[in-house]
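K.L.:
Protein chains in written order, with this note's numbering: chain A, 65 to 339; chain B, 65 to 339. Idealized CB from N, CA, C, for every residue including glycine. Starting off with a structure, shown below.
2 protein chains.
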Amino acid sequence: MKIGYLGPEGTFTHQAALKYKKDIKNADIIPYHHIPDILRAVEDGEIDKGIVPFENSIEGTVTFTIDALIFDVNVVIDREIILPIRHNVAAKKGLSKVDVEKIFSHPQALAQCRKHLNEEFKDVEKIQTASTAGAAKYVSESDGRWAAICTDEAAAKYGLEILEKDIQDENHNETRFLVVSKQGTQKFAYEGKTSIVFGTENRPGELYKILDIIAIWDLNMTKIESRPMKNELGKYVFYVDMESANAADISDALKMIERKTKFFKHLGTYHTIRH
Amino acid sequence: MKIGYLGPEGTFTHQAALKYKKDIKNADIIPYHHIPDILRAVEDGEIDKGIVPFENSIEGTVTFTIDALIFDVNVVIDREIILPIRHNVAAKKGLSKVDVEKIFSHPQALAQCRKHLNEEFKDVEKIQTASTAGAAKYVSESDGRWAAICTDEAAAKYGLEILEKDIQDENHNETRFLVVSKQGTQKFAYEGKTSIVFGTENRPGELYKILDIIAIWDLNMTKIESRPMKNELGKYVFYVDMESANAADISDALKMIERKTKFFKHLGTYHTIRH
């Protein structure tokens with residue numbers, strides 16, 4: 065089985081792919097550089113599964129992923145993987161904490177560790193990079209007294225030593241990844257979490273009618289987000305997650321929502337794996 | 065008047081601050097490094113206005129801003145500024161387009177110009193930086209045959225020459241900035257766009273009741289987004305934008321929503337400046 069994921073190695077999505085691969089025989093994981101490329105490779109049948117980041121409890125929704133699922137590709141979500149996000153301070157071997165002169169990481173990672181960094185690395189310069197894995201690579205290639213905020217995997221890959229573990233400020237910092245497969249390759253379970261997108265007429269009260277349906281069938285909505293229609297200013301589509309243990313309720317509600325909307329996609333009904 | 069904005073100079077927020085400053089006598093604009101710092105400086109009265117990025121039509125909502133407004137500070141939105149986002153290819157003077165060997169920019173800017181870059185700079189290496197202004201600075205300090213994707217302002221600030229203008233793929237690429245001020249320093253207009261956040265009981269149908277109120281008073285909801293409560297997994301608060309020309313409708317609906325929710329904040333009712 066071929067599994068594509070958002071690379072490079074050492075990213076959080078790589079962690080999710082490694083966890084997912086464990087339960088599958090003969091799985092190859094293949095890094096991609098862009099989220100839409102992974103989703104298109106799944107749609108075209110080049111790979112069997114694609115793993116993409118979808119939502120972080122601090123960063124919010126990954127708009128590349130949500131927009132590709134809504135507008136660009138037709139694939140099915142068949143699993144979600146939730147990983148706790150843990151940040152470490154890592155540096156080249158031999159450097160000790162008091163010698164660190166600069167710290168590199170993604171702006172969100174620096175922000176997520178701000179309390180700790182302000183206490184323990186008060187006068188150390190903080191420099192922003194495009195990814196946490198990129199910071200680790202950069203530090204590994206330099207002779208400066210530098211450290212990176214990165215994952216265990218990134219530190220290992222680039223030969224860095226971890227000076228401090230788990231330095232993030234919030235305990236509930238998690239990232240949600242979606243595993244997607246080609247349409248038609250699997251049956252919906254009709255239980256677990258259900259993700260849909262829909263577009264309504266652009267009139268006051270139209271969204272409310274749809275949420276009425278969700279309420280009537282006792283589904284618990286766990287996420288809602290409006291996304292602007294591309295090239296149609298002021299028009300929106302809505303992404304909704306909902307949960308129910310009753311498969312018949314979900315099935316009936318989806319039929320009704322499809323009938324009452326102009327645009328409708330059932331992205332998947334799937335189980336959650338929490339690590 | 066002191067106006068704080070998300071710096072450094074040359075960012076899109078700096079552009080918004082310069083446009084806003086034009087209409088005000090004796091205004092100083094002051095760069096800040098972090099969004100929460102700007103909002104807290106407004107709350108504490110250190111500065112009169114704060115300008116922060118809130119939403120991009122491709123990147124989505126800036127979660128630093130939305131979360132700070134919901135959870136951390138009490139300030140009032142008194143204006144929104146909408147700017148079209150234009151990307152340029154810029155390099156040191158004397159370098160011509162065919163000589164460019166590497167292009168630096170923020171991952172989102174590279175993605176927003178992908179079609180053009182694939183056609184015109186097919187074999188040129190693309191390197192991700194933490195901001196578009198950072199890419200311009202980096203290119204200006206190097207002797208490599210490098211270019212940056214950045215704003216007009218960033219190119220001017222770092223002495224770069226613009227090789228190609230307006231290379232973004234989408235025409236409707238816009239960013240929305242909020243101007244905030246201290247609570248109590250201004251009266252709500254009760255017309256224009258209204259932004260609220262609220263939390264409900266965690267039961268199916270609770271959100272639907274609130275949207276019912278919005279529908280009854282004929283308000284047009286233009287954005288909705290759920291955000292997880294910090295430290296309470298599975299609990300959500302909702303951010304909603306709505307528009308109405310009828311001040312009495314907005315005022316009445318807000319009173320009703322406040323009565324029917326556990327947590328409620330009226331973030332502001334304000335006018336839009338579109339450039």
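1) Comparing the C-beta of Ala279 (chain A) with each C-beta of chain B, is any distance below 8 angstroms?
2) So which residues of chain B does Asp276 (chain A) contact, with C-beta pairs closer than 7 angstroms?
3) Do three or more CB pairs link the region 167-183 of chain A to the region 192-204 of chain A at distances below 8 angstroms?
4) Going by beta-carbon coordinates alone, are Ile99 (chain A) and Thr125 (chain A) separated by less than 8 angstroms?
5) Count the other CB atoms, across all protein chains shown, that sit within 10 Å of the CB of Ser195 (chain B); report buried if there are 16 or more and exposed otherwise.
6) With DSSP run on the structure shown, which of helix, strand or coil describes Glu234 (chain A)?
7) The alpha helix (DSSP H) spanning Met320 (chain A) covers which residue range?
8) Cβ of Gly198 (chain A) less than 8 angstroms from any chain B Cβ?
9) Are the region 306-325 of chain A and the region 270-282 of chain A touching by the rule of at least three beta carbon pairs closer than 8 angstroms?
10) Three-state secondary structure (DSSP) at Ile344 (chain B)?
11) As a quick exercise: from A:Asp305, A:Phe185, A:Arg209, pick the residue whose alpha carbon is nearest that of Glu357 (chain A).
12) Using 8 angstroms for Cβ pairs, my map puts Val243 (chain B) next to Asp142 (chain B). What's the rounded Cβ distance?
13) Just the Cα atoms here: how many angstroms apart are Asp313 (chain B) and Ile288 (chain B)?
14) Taking 8 angstroms as the cut-off, decide whether the C-beta atoms of Leu271 (chain B) and Glu307 (chain B) are in contact.
15) When the cut-off is 8 angstroms and only beta carbons count, does Ser290 (chain B) lie next to chain A?
16) Which residues, in chain order, does the region 205-222 of chain A contribute to contact with chain B at a C-beta distance below 7 angstroms?
17) Quick one, are the C-beta atoms of Gly68 (chain B) and Ala105 (chain B) less than 8 angstroms apart?
18) Suppose contacts are defined by Cβ-Cβ distances below 8 angstroms. Is Ile260 (chain A) in contact with Val203 (chain A) by that definition?
19) List the residues of chain A that Thr193 (chain B) touches, going by C-beta distances under 9 angstroms, in chain order.
20) Out of A:Asp230, A:Ala311, A:Thr239, A:Arg291, which one is the CA nearest neighbour of Thr264 (chain A)?
21) Take the Cβ of Asp230 (chain B) as the centre, count every other Cβ of all protein chains shown within 10 Å, and call the residue buried at 16 or more, exposed below.
22) Output the residue ranges of the beta strand (DSSP E) runs that lie fully inside the region 127-151 of chain A and measure 3 residues or longer, sorted by chain position.
23) At least one CB of chain A closer than 8 angstroms to the CB of Thr325 (chain B): is that the case?
24) Would you check if the distance between the CB atom of Leu82 (chain B) and the CB atom of Leu331 (chain B) is smaller than 8 angstroms?
25) Is there a C-beta anywhere in chain B that falls below 8 angstroms from the one on Met285 (chain A)?
26) Excluding the five sequence neighbours on either side, which residues of its own chain have a C-beta within less than 6 angstroms of the C-beta of Thr75 (chain A), listed in chain order?
27) Restricting to Cα atoms, I'd like to know which of B:Ile88, B:Arg150, B:Gly109 is closest to Ala173 (chain B).
28) Secondary structure at Ala194 (chain B), three-state DSSP: helix, strand or coil?
29) Would you tell me roughly how many angstroms separate the C-alpha atoms of Gly114 (chain B) and Ser245 (chain B), rounded to the nearest one?
30) In whole angstroms, what separates the C-alpha of Asp8 (chain A) from that of Ala311 (chain B)?
31) With distances taken Cα to Cα, identify the nearest neighbour of Gly269 (chain A) among B:Thr286, B:Lys89, B:Thr77, B:Glu119.
32) From B:Lys179, B:Ala155, B:Glu234, pick the residue whose C-alpha is nearest to that of Ala211 (chain B); which is it?
33) At the 8 angstroms Cβ level, is Gly263 (chain B) part of the contact set with chain A, yes or no?
34) For the region 140-158 of chain A, list every residue whose C-beta sits within 9 angstroms of some C-beta in chain B, in sequence order.
35) Since Arg209 (chain A) contacts Phe118 (chain A) with CB under 8 angstroms, what's their CB separation in whole angstroms?
36) If you measure from the beta carbon of Pro171 (chain B) to each beta carbon in chain A, is any gap under 8 angstroms?
P.N.:
In this structure, then:
1) In the first sequence, residue 279 (chain A) corresponds to position 215, counting from 1. Yes, Ala279 (chain A) counts as interfacial toward chain B.
2) What you label residue 276 (chain A) is simply residue 212 of the first sequence in a count that begins at 1. Result: Tyr272.
3) With the cut-off at 8 angstroms, the region 167-183 of chain A and the region 192-204 of chain A touch.
4) If you number the first sequence from 1, residue 99 (chain A) lands on position 35. If you number the first sequence from 1, residue 125 (chain A) lands on position 61. No, they are not a contact pair.
5) Position 131 of the second sequence, counted from the start, is the residue given in the question as residue 195 (chain B). Ser195 (chain B) is buried by the Cβ-count criterion.
6) Translated into positions along the first sequence, residue 234 (chain A) becomes position 170. The answer is coil: DSSP assigns Glu234 (chain A) none of H, G, I, E or B.
7) Here residue 320 (chain A) refers to the residue found at position 256 of the first sequence. Counted as a single uninterrupted DSSP element, the alpha helix (DSSP H) harbouring Met320 (chain A) occupies residues 311-324.
8) Sequence index remark: in the first sequence, residue 198 (chain A) carries index 134 (1-based). Taking Cβ atoms only, chain B reaches closer than 8 angstroms to Gly198 (chain A), which makes this a yes.
9) Under the three-pair Cβ rule at 8 angstroms, the region 306-325 of chain A counts as touching the region 270-282 of chain A.
10) No answer is possible for residue 344 (chain B): the residues shown for chain B start at 65 and end at 339.
11) Residue 357 (chain A) is absent from the model: chain A starts at 65 and stops at 339.
12) The residue you call residue 243 (chain B) lines up with position 179 of the second sequence. The residue you call residue 142 (chain B) lines up with position 78 of the second sequence. Confirmed, Cβ separation roughly 6 angstroms.
13) Translated into positions along the second sequence, residue 313 (chain B) becomes position 249. Translated into positions along the second sequence, residue 288 (chain B) becomes position 224. Taking the straight line joining both Cα atoms gives about 19 angstroms.
14) What you label residue 271 (chain B) is simply residue 207 of the second sequence in a count that begins at 1. What you label residue 307 (chain B) is simply residue 243 of the second sequence in a count that begins at 1. Between Leu271 (chain B) and Glu307 (chain B), the C-beta spacing is not below 8 angstroms.
15) As a position in the second sequence, residue 290 (chain B) is number 226, starting the count at 1. Yes, Ser290 (chain B) lies at the interface with chain A (some Cβ there is under 8 angstroms from its Cβ).
16) Cβ contacts with chain B come from no residue of the region 205-222 of chain A.
17) Position 4 of the second sequence, counted from the first residue, corresponds to residue 68 (chain B). Position 41 of the second sequence, counted from the first residue, corresponds to residue 105 (chain B). Yes, the Cβ-Cβ distance between Gly68 (chain B) and Ala105 (chain B) is below 8 angstroms.
18) Taking the first sequence and counting its residues from 1, the one referred to as residue 260 (chain A) is at position 196. Taking the first sequence and counting its residues from 1, the one referred to as residue 203 (chain A) is at position 139. 8 angstroms or more divides the Cβ of Ile260 (chain A) from the Cβ of Val203 (chain A).
19) Within the second sequence, the letter at position 129 stands for residue 193 (chain B). Chain A residues near Thr193 (chain B): Gln192, Thr193, Ala194.
20) Walking along the first sequence from the start, residue 264 (chain A) turns up at place 200. Taking only the C-alpha atoms, the option nearest Thr264 (chain A) is A:Arg291.
21) In the second sequence, counting from the first residue as 1, residue 230 (chain B) sits at position 166. Counting the other Cβ atoms within 10 Å of the Cβ of Asp230 (chain B) gives fewer than 16, which makes it exposed.
22) Annotation note: the region 127-151 of chain A contains the following uninterrupted beta strand (DSSP E) runs of length 3 or greater, listed N- to C-terminal: 139-148.
23) Indexing the second sequence from 1 puts residue 325 (chain B) at position 261. Against chain A, the CB of Thr325 (chain B) has no partner CB under 8 angstroms away; the residue lies outside that interface.
24) By 1-based counting over the second sequence, the position of residue 82 (chain B) is 18. By 1-based counting over the second sequence, the position of residue 331 (chain B) is 267. Contact flag unset, no.
25) Mapped onto the first sequence, residue 285 (chain A) falls at position 221. At least one chain B Cβ lies under 8 angstroms of Met285 (chain A).
26) Position 11 of the first sequence, counting from 1, holds the residue named residue 75 (chain A). Counting only Cβ-Cβ distances below 6 angstroms, and skipping sequence neighbours, we find Ala197.
27) Looking up residue 173 (chain B) in the second sequence gives position 109. If you compare the alpha carbons of B:Ile88, B:Arg150, B:Gly109 with that of Ala173 (chain B), the shortest gap goes to B:Arg150.
28) Taking the first residue of the second sequence as 1, we reach residue 194 (chain B) at position 130. The answer is coil: DSSP assigns Ala194 (chain B) none of H, G, I, E or B.
29) Counted from its first residue, the second sequence places residue 114 (chain B) at position 50. Counted from its first residue, the second sequence places residue 245 (chain B) at position 181. For Gly114 (chain B) and Ser245 (chain B), the distance between alpha carbons rounds to 7 angstroms.
30) The question about residue 8 (chain A) has no answer here: the residues shown for chain A are numbered 65 through 339.
31) By 1-based counting over the first sequence, the position of residue 269 (chain A) is 205. Measuring from the Cα of Gly269 (chain A), the nearest candidate turns out to be B:Thr286.
32) On the second sequence, residue 211 (chain B) is found 147 positions in, with the first residue counted as 1. The alpha carbon of Ala211 (chain B) has as its nearest neighbour, out of B:Lys179, B:Ala155, B:Glu234, the alpha carbon of B:Ala155.
33) Counting from 1 along the second sequence, the entry for residue 263 (chain B) is found at position 199. Not closer than 8 angstroms to any Cβ of chain A, the Cβ of Gly263 (chain B) fails to qualify, so no.
34) From the region 140-158 of chain A, no residue has a Cβ closer than 9 angstroms to chain B.
35) For this step, residue 209 (chain A) is matched to residue 145 along the first sequence. For this step, residue 118 (chain A) is matched to residue 54 along the first sequence. That belief does not hold up - the Cβ atoms of Arg209 (chain A) and Phe118 (chain A) are roughly 37 angstroms apart, past 8 angstroms.
36) As a working note, residue 171 (chain B) is residue 107 in the second sequence. Closer than 8 angstroms: yes.
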